[in-house]
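Each residue of the sequence shown is one higher than the last, beginning at -19 in my numbering. Using N, Cα and C, we set each Cβ at its ideal position, and we do this for glycine too.
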Amino acid sequence: MESQRCWLVWSEDLPDGEVVVPIKTKDGLAIACRPGQMTKQMFDDLNAVARHVIGVGIVSINDNGGCGKPPDRRRE
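1. Relative to the alpha-carbon of valine -11, which residue among Thr5, Ala10, Gly(-3), Glu(-2) has its alpha-carbon at the smallest distance?
2. Assuming glycine 35 is part of the alpha helix (DSSP H), what are its boundary residues?
3. Which value, in whole angstroms, describes the spacing of the CA atoms of cysteine 13 and valine 1?
4. Measure the CB-CB distance between alanine 28 and tryptophan -13 and report whether it falls below 8 Å.
5. Leaving out five residues before and five after glutamate -8 in sequence, what residues of the same chain have Cβ atoms less than 7 Å from its Cβ?
6. Closer than 8 Å by C-beta to phenylalanine 23: which residues in its own chain qualify, once you throw out the five before and the five after it? Chain order, please.
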């Protein structure tokens, strides 16, 4: 199975009122973030989290509409 990728990019070309918008690409999931709405440190930290959750399989990107749900970790 090919490894999946998720990353954040700065973009001013977002719909009015949106701060972040997920974009499914052939290479994985890009998350466009409006500049000025978060610090560079937050942007970098979210990028690190995205790489981790995709890399260890907590979240997966599927072909039917975006990210899969994270596993249910509640104890029954």
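Judging by the given coordinates:
1. Ala10
2. 20 to 35
3. 7 Å
4. no
5. Arg14, Pro15
6. Leu(-12), Trp(-10), Cys13
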